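In what follows, a structure is listed as structure tokens, so that the remarks can point back to it.
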Amino acid sequence: MPERVVGRTRELSTLTGLLDEVERGRGQGALLIGDAGIGKSTVAAALADVARGRRYAVAWGRCPETETLPYWPWRQAFRALDLPIAPTDEADTVLARTSMYAAVADQLGSATAEQPAVIILEDVHLADGSALALLRFVVGLLPELPCLLLVTSRDNAVDVPEPAAEALRALPPSFVRLPLAGLDRAATGELVAQVLGSTDSAYTDAVHARTGGNPFFVQELARWHAARGTTSTETPVGVRQVLERRLARLEQHTYDVLAAAAVLGEDVELDLLAAVVDMPRADLLVVLGDAVAARLAEVDAERVRFAHSLVREVVHAGLGVHQRSALHLRAAELLADRNDAGQVAAHCREAGAVERSREFALVAAREAQRQSGYEQAVRFYRWADLDDPVVRLELGAAQVLAGELAAGRETLRAVARATDDPELVARAVLAMGGGVGGFEVDLGDEEQTSLLERVVARLPDDALKAAAVARLALARIPTDRGDGPRQLADESVRLARAAGDPRAEVAALAAWCDVFSGPDHVAERIAAAERMLSIATGDLALVLLARRLLVVALLEQGRFVEADVQIAAYARAVLPLRLPLYSWLVPIWHGMRALMSGRLETAASCIAQATQLADDADSPNARLMVFALRAAHADLTGVVEELRTYVETVMRPFVNNPMVDGPSAYYFARSGSRAVARGIARRRVRDGLDAIPRDAEWLESLAFLGEAARVLGEPEAARLVYDALTPYAGLWVIDGIGGACLGTVSLFLGRLAAQLGRPEARRLLEDALEAHRTAGAEALVAETEKALAEVGVPPVRAVGDVGELRCLGASWETTWRGVTAHVPDSKGIRDLAALLVRPRNPVSVLDLSGPGRVRGADLGPVLDQQARTAYRRRLLDLEEELAEATDPVRAERLRDERDFLARELAGALGLGGRARSAGDPVERSRKAVSMRIGVAVKAIERVHPALGRHLRASVRTGRQCVYEPEDDVTWHCQPAPGASGVTPIQGRAT
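Under the numbering used here, the sequence shown has 591 at position 597, and the numbering climbs by one with no breaks.
As structure tokens, this is what we get:
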């Protein structure tokens, strides 16, 4: 342990143990928390020393107290690793953040693959929203990186703002938390002795009692007493006075330089400081030498840092109002030339230059928004001129995207109410829903309808009017049961296409899809969503909206492989953003798919994740979909009754809405309130089914009503629902925008037919069973088999093991002997899928390579006779040299050379030792396919050892590849679209 570290043996041992885990192949994270002066930086520096001794790259990032560029501490850390972060100036903020995060992931992965790294982020309690968002992203990357991420932060409510506190609470359980308390008495005595040379027990007791063992206070008091030449327990009134006395001993020019540095921040560029104090850099370094000697500051080649934040606070507090203002104005003047609007705004604000601060705050806000730093943008907008309605509009839009949905909408509503400018009103209403596309529109907000109606006729026939008409079409859905919304949706599409504006057309088509939702227009909605995807390039928010609409329509048609591809694409795009407004759909969809296949624990985990994101987004839609998923999970596990209060709370706002009669009746019946459920079902029979809007929830509402009728024994309700659902037997019942998948309509029809004694019950249920099996929906298969058993059809069980391999787009999900795991998509995994569905049938490597991919003639042997002889001779020499080698480094180099030559020689020879031809097309395919299948099996083995062992024993590669299991195995495979050679969905080895 470095000598300067006292009393932190346990913490350093824990952190060095994490380095051991990194070297075993799994990245680690740790959080070091404690009060100012408690020793966080000291422990981090000691870890850095240990890491450098073990050949790690060490990178530091420090969060400043002043406003600066987004991602500032990450810029420092990645600069040390030669990984530049380059936020773009593109207008699309969401796309910019995604691109940057992808670059960070790629570059960080490449850098740490070459040399393991320790990244230290200090004072994260000072981090802005963009830095915290990137912290959450990098934490997600850690398990796959040879990297230790150490985060330090204060831990009291005064110093730690809520966004930082929430980010720290959200760190995963695997993140090691190390709270630093005060030193014990013995460590305090050792620290005092380091300063004074020696100490006595009484003085140590006094210092420990006075300081609580805070290392900084201990050292400062000891130094002060050393300067007085006494070890008396008489101490200054406080540490501030200690620091002020130390500062008073400095030369005036040294104090003035520290004063300027205190205005600039805790960690300051030397060149900037030199400019502020108007001093040559060389002279500045001489002056700072006194501060370094006094242990008030640290200086490296480029920067000066205060020894502790308390030093800066004391210096800054000691400045007179005029001096402080002058220094802030000087800093603002210099930083303005550097295009650092955020810091200029902060310095002008500190100096009392309000108008100039507002000017630069607006520039900084818009720049932060362009870089997806919505949280920081909100802060800067609040510094800007909020008397300007355009600025207030931009503030509201940023609030919505930052997750302040309710507050942002109120800001925007106030803007729209206060102006008669039709363009401003339209822009404000559109921003209430998350932008032009309307990702999160509050259909219960009647005021947005009246606001738009007031101005839409005065808008010119352009892109803005198209988007406004589209939003008006959506807003009228709850109140206009006629053709009004559809006519408006058609008109918005016409306006957008006439304007030639792709963004407006996407917005119009999105509204069209919502207006024409329901079972009668599924194919048209798929076509519209695909059109949206084709023209929404460059605007990620609109791309996400298009994918959302496409996923739901594909689910309704039971096209789950295609839906999974879209879900995976959505997740890849949205997860790096860490924007709850868009992110909550990912765990909802993953939970829905997990529930279908019976992975209840995974579904429960997704529910928890979605619940948190729904709260973070302040999204009513998200909360409804959480309810849908949670209720479906409870229904499958038989615990609906436990959710009775929850069900009543969620359903209460919709008590007079015919659309919720079906779900209400069903869940009340299942939770024990049968009388209430019966009353709802009979009322719906009396009032008729036509009152239920024929929209996205129509199928779901009728399916639930039919199930309630079946459970309650209400034949009239069952007959009405059966007749209404019959035309849609081939569709699937999807709750909302994918909150739950309830099965095919034919399942509900089959159950109702059985209840009503109709002969088609068996056919309908068998159709449902086939659809559920094809989709790999094991939970629904079990439900359908149970329904078939009730009509006298016993289930047909597969003999032997059953496995499943399902493509999710960027990854594959495999289930084997009750264990489910995920592996990244690769050509090798696709090759395995092709083999698993053709058990004991050899497949040519040319077929696996794909048509037209292998061409060329034989170019002769891979190694000629002379080369093979030379390789063998060198291998013999290497064995002799290894036997005599004593230097470990040289021995390792010799082994690497030997292994390389052995691989080359083995690859050059075929059966019987015959030379392989270099240009043989089949040979080239054999090598490529064998290698990628081997890599794929290893990837599976890492996450699913049992399946990996089975595949290693059962898959043979060569010019012909084959899957030959010892026992009977049935595989259900859902391949990636376009996977070569994979057309069956099931293969059985007998």
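Yeah, the Cβ is synthetic: ideal placement off N, Cα and C, and Gly gets one too.
Please read all numbers here as calculations on a predicted model, not as lab measurements.
Buried/exposed call for residue i, threshold 16 Cβ in 10 Å
i    : result
P788 : exposed
H322 : buried
H48  : The sequence shown places Arg at residue 48, rather than the His named in the question. It counts as exposed.
H966 : buried
A45  : buried
T473 : exposed
Q560 : buried
V620 : buried
G28  : buried
D871 : exposed
N208 : buried
P647 : exposed
K780 : exposed
V817 : buried
S195 : exposed
A242 : exposed
E784 : exposed
Residues near residue i in its chain [Cβ-Cβ closer than 6 Å; skip 5 each side]
i    : result
A326 : V338, H341, C342
Q749 : R704, A712
S924 : T951
E701 : Y660
Between the CA atoms of residue j and residue i - distance to the nearest angstrom
i     : j    : result
G532  : M526 : 12 Å
A815  : I934 : 8 Å
E344  : P383 : 25 Å
D689  : S820 : 40 Å
V212  : T198 : 9 Å
P230  : A216 : For P230, the predicted model reports a pLDDT of 44, less than 50, meaning its position is unreliable; a value from the coordinates is still stated below. In a straight line, the C-alpha of P230 is about 11 Å away from that of A216.
A616  : D961 : 46 Å
A410  : R497 : 22 Å
A288  : L13  : 34 Å
G31   : T182 : 14 Å
L9    : G21  : 12 Å
E636  : A669 : 18 Å
L395  : D436 : 15 Å
D1002 : W806 : This structure cannot speak to residue 1002, because the chain is shown only from -5 to 984.
L876  : T863 : 20 Å
L41   : A547 : 53 Å
P155  : S486 : 44 Å
A420  : A462 : 6 Å
V963  : G797 : 7 Å
P939  : H627 : 29 Å
Other residues of its chain near residue i: CB distance less than 8 Å, five sequence neighbours each side excluded
i    : result
A291 : L252, A255, L282, A285, V298, R299, F300, A301, V305
N650 : none
For residue i, the first and last residue of its enclosing alpha helix (DSSP H)
i    : result
D729 : Not the alpha helix (DSSP H): D729 falls in the beta strand (DSSP E), residues 726 to 729.
P574 : 574 to 577
T443 : 440 to 449
R745 : 739 to 750
C990 : Since the first and last residues shown for the chain are -5 and 984, residue 990 lies out of range.
V649 : Segment: none, V649 is in no alpha helix (DSSP H) and carries neither H nor E.
Residue interval of the beta strand (DSSP E) (run including residue i)
i    : result
Q22  : 22 to 27
T814 : 813 to 818
V956 : 954 to 957
H966 : 963 to 968
R386 : That residue, R386, is in no beta strand (DSSP E); its alpha helix (DSSP H) goes 383 to 395.
F374 : Taken as a continuous stretch (DSSP letters only), F374 belongs to no beta strand (DSSP E), being part of the alpha helix (DSSP H) at 368 to 377.
G700 : Counting along the chain, G700 falls outside any beta strand (DSSP E), though it belongs to the alpha helix (DSSP H) covering 692 to 706.
Own chain partners of residue i with C-beta closer than 7 Å, once the 5 adjacent residues on each side are dropped
i    : result
Q70  : W54, G55, R56
E138 : G21
Any non-hydrogen atom of the ligand FAD within 7 Å of residue i CB
i    : result
R525 : In the structure on display, the ligand FAD does not appear, and there are no ligands present to speak of.
List in chain order: all unbroken alpha helix (DSSP H) runs of 4+ residues lying wholly within the region 232 to 289. As far as the region 232 to 289 is concerned, its whole alpha helix (DSSP H) runs of at least 4 residues are 233 to 242, 246 to 258, 264 to 271, 275 to 287.
Can you list, in chain order, the stretches of the alpha helix (DSSP H) that have 4 or more residues and sit fully within the region 84 to 155? Whole alpha helix (DSSP H) segments, 4+ residues: 87 to 108, 123 to 135.
Which runs of the alpha helix (DSSP H) at least 4 residues long sit entirely within the region 580 to 625? Give them in chain order. Here the runs fully enclosed are 594 to 611.
Considering only residues of the region 652 to 681, which uninterrupted alpha helix (DSSP H) runs meet the minimum length of 4 residues and lie entirely inside it, listed in chain order? Whole alpha helix (DSSP H) segments, 4+ residues: 655 to 664, 668 to 681.
Quick one: complete alpha helix (DSSP H) runs, 4+ long, within the region 296 to 365? Listed in chain order, the alpha helix (DSSP H) runs fully inside the region 296 to 365 are 303 to 311, 315 to 330, 335 to 345, 348 to 364, counting runs of at least 4 residues.
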